[in-house]
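**Q** This is the structure I have questions about; it appears just below.
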Amino acid sequence: MAKYAEHWGELLFNLDHLSKQTAKRQFRHDIKYSWGGMCCYCREKKATSLDHVLPRSRGGSNLRSNLLPACRRCQESKGNQVDWYAWFKQQTFFNQDAADLILEHTQNKRILELDNERTEHRTKVSTDPCSLRVREDEPSRPGAHLPQAA
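Here the numbering used here is used: the first residue of the sequence shown is -9, the next is one more, and so on.
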């Protein structure tokens, strides 16, 4: 199992050729990359920043387990709320699988002890043929692909 740096300072160990700023940039990039560069909450927009799960104003740290990639809309909406799950559950884009992945990240877990059906669903690799996604396949506005409430 791969070991991840918990704090950007760990990336400086035996890497004297990296500046502190470069190591910090790499640390932040790795967090965004681990989520595919997308917002971990809405999964619709590119992550433009890192969100502190427990806000710094409420005692949160800069550790990897407290940082999640987020788009500006989600980060501003969440604000400095302490209970990220309560906020997330109120959003129209709430998804329990996404919440489980966020929880795994915040607890530094890579594998959850979930029932086999749910674990299999999350990790199943599709062998179906597919075509490449193109810009025309993307919704014209965020959430346009979601069914509208009646």
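Every residue gets a Cβ at the ideal spot worked out from N, C-alpha and C, and that includes glycine.
Given a threshold of 16 other Cβ atoms within 10 Å of its Cβ, counted over all protein chains shown, does Ala37 qualify as buried or as exposed?
**A** The sequence position of residue 37 within the sequence shown is 47, counting from 1. Ala37 should be labelled buried.
**Q** So, for Gly27: in the same chain, excluding its five sequence neighbours on each side, which residues have a beta-carbon less than 7 Å away from its beta-carbon?
**A** The count along the sequence shown starts at 1 and reaches residue 27 at position 37. Answer for Gly27: Lys36, Ala37, listed in chain order.
**Q** Pairs of beta-carbons, one from the stretch 62 to 82 and one from the stretch 34 to 54, closer than 8 Å: are there three or more?
**A** Touching, yes.
**Q** Within 10 Å of its beta-carbon, does His95 have 16 or more other beta-carbons around it, so buried, or fewer, so exposed?
**A** Here residue 95 is taken as the residue at index 105 of the sequence shown, counted from 1. It is buried - the Cβ of His95 has at least 16 other Cβ atoms within 10 Å.
**Q** Do the CB positions of Lys68 and Asp41 come within less than 8 Å of each other?
**A** The residue given as residue 68 occupies position 78 in the sequence shown. The residue given as residue 41 occupies position 51 in the sequence shown. In contact: Lys68 and Asp41 (Cβ atoms closer than 8 Å).
**Q** So which of Gln11, Ser24, Thr12, Arg15 has the shortest CA-CA distance to Ser55?
**A** Numbered from 1 along the sequence shown, position 65 holds the residue referred to as residue 55. Nearest option by C-alpha distance: Ser24.
**Q** Closest to Asp87 by C-alpha separation, out of Gly50, Ala60, Cys32, would be which residue?
**A** Indexing the sequence shown from 1 puts residue 87 at position 97. Looking at the Cα atoms, Cys32 is the closest of the given residues.
**Q** Give a yes or no on whether the C-beta atoms belonging to Ile92 and Cys30 are separated by under 8 Å.
**A** In the sequence shown, counting from the first residue as 1, residue 92 sits at position 102. In the sequence shown, counting from the first residue as 1, residue 30 sits at position 40. Yes. Within cutoff.
**Q** Just list the residues that DSSP pairs His42 with in beta bridges.
**A** Working through the sequence shown from its first residue, we reach residue 42 at position 52. In the DSSP output, where bridge partners are listed per residue, His42 has Leu57.
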